[in-house]
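Visitor: Numbered per mature numbering (1 follows the signal peptide of the UniProt record, and there is no 0), the sequence shown spans residues -27 to -1, 1 to 133.
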Amino acid sequence: MGQLNPMPMKAPLLSALLLPLATAAYAQMDTLSYPAERQQIRALLHQPGGYHPTTACRDMVAVGPKGDISFSEAEWRAAQAKEKLVFKSISIVPGSEIIRVYNASSAVVNWLADVRLTVAGQDVALKVRRLEVYIKQGGNWCRVAGQGTQVNEQLFPVKP
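(1) Measure how close the beta-carbons of VAL101 and GLN127 come, nearest whole angstrom, since I'm counting them as under 8 Å.
(2) I think GLN120 touches VAL59, with their Cβ atoms under 8 Å apart; what is that distance to the nearest whole Å?
(3) Cβ atoms of ARG73 and ALA86: under 8 Å apart, would you say?
(4) Which residue's Cα is closest to the Cα of ILE14: PRO38, SER79, VAL34?
(5) Where DSSP assigns a beta bridge to ASP96, which residues make up the other side?
(6) Can you list, in chain order, the residues of its chain with a C-beta nearer than 6 Å to that of GLU10? Leave out the 5 residues immediately preceding and following it.
(7) Under the three-state reduction of DSSP, which class applies to LEU58: helix, strand or coil?
(8) With respect to the alpha helix (DSSP H) encompassing GLN13, which residues constitute its N-terminal and C-terminal limits?
(9) Just how far apart, CA to CA, sit ALA93 and SER43?
(10) Of all the options ILE71, ILE63, VAL66, ALA29, which has the alpha carbon lying nearest to the alpha carbon of ASP3?
(11) Between the alpha carbons of TRP114 and VAL82, how many angstroms are there, rounded?
(12) Inspect the beta-carbon positions of VAL106 and ALA118 and report whether they are closer than 8 Å.
(13) Using C-beta distances below 6 Å, list every residue in its chain close to LEU99, excluding the 5 sequence neighbours before and after it, in chain order.
(14) Would you tell me roughly how many angstroms separate the C-alpha atoms of GLY68 and ASP41, rounded to the nearest one?
(15) Rounded to a whole number of angstroms, what is the C-alpha to C-alpha distance between VAL34 and GLU56?
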């Protein structure tokens, strides 16, 4: 009996493996869909007087600067008070926002912040890369997750 040709199976198998990768790559690059929702998120980020964290959803998760996890806005604020951490200002570095909106009801936002704060009475200035997740509830956006990572400007210089 003759051998089966394995080539006919390779093309569909290869397509099945590559299609999810192509779709995932497109999703990561889509920063144009849902322009109205994108503008709403941008307005939250660029409030008069500088960035102020938006109202958090009741079931939010926030990771603090020392890796602590808070499961509500009250816990998050209590952790800041415990560490004697007071934010003086948070300014978004212009043009650093990457906003992805999904199904007009959730958004993942990445941006660079110029942060001024005091820790135990000492002034601190640093750059922080923020990642926040928002959902739309009752017609309003609220933050369900957030985390910041200090940027090492010696390794990764940040241009204004």
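Backbone N, C-alpha and C define an ideal beta-carbon position, used for all residues, glycine too.
Guide: Put simply:
(1) At roughly 15 Å, the Cβ-Cβ gap does not stay under 8 Å, so VAL101 and GLN127 are not in contact.
(2) Their Cβ separation, rounded to whole angstroms, is 20 Å, which puts GLN120 and VAL59 out of contact at 8 Å.
(3) The Cβ atoms of ALA86 and ARG73 lie no closer than 8 Å to each other.
(4) Nearest to ILE14 by alpha-carbon distance, out of PRO38, SER79, VAL34, is SER79.
(5) DSSP links ASP96 through a beta bridge to THR91.
(6) Excluding residues up to 5 positions away in sequence, VAL74, ALA77 lie with their Cβ nearer than 6 Å to the Cβ of GLU10 in the same chain.
(7) DSSP places LEU58 within a strand segment (E or B) once states are collapsed to three.
(8) Where GLN13 is concerned, the enclosing alpha helix (DSSP H) stretches over 8 to 18.
(9) ALA93 and SER43 have their C-alpha atoms spaced approximately 20 Å apart.
(10) Closest in alpha carbon position to ASP3, among ILE71, ILE63, VAL66, ALA29, is ILE71.
(11) Roughly 12 Å between the two C-alpha positions.
(12) Taking 8 Å as the Cβ cut-off, VAL106 and ALA118 qualify as a contacting pair.
(13) Answer for LEU99: VAL88, GLN123, listed in chain order.
(14) The alpha-carbon atoms of GLY68 and ASP41 are separated by roughly 29 Å.
(15) Going by the C-alpha atoms only, they are around 18 Å apart.
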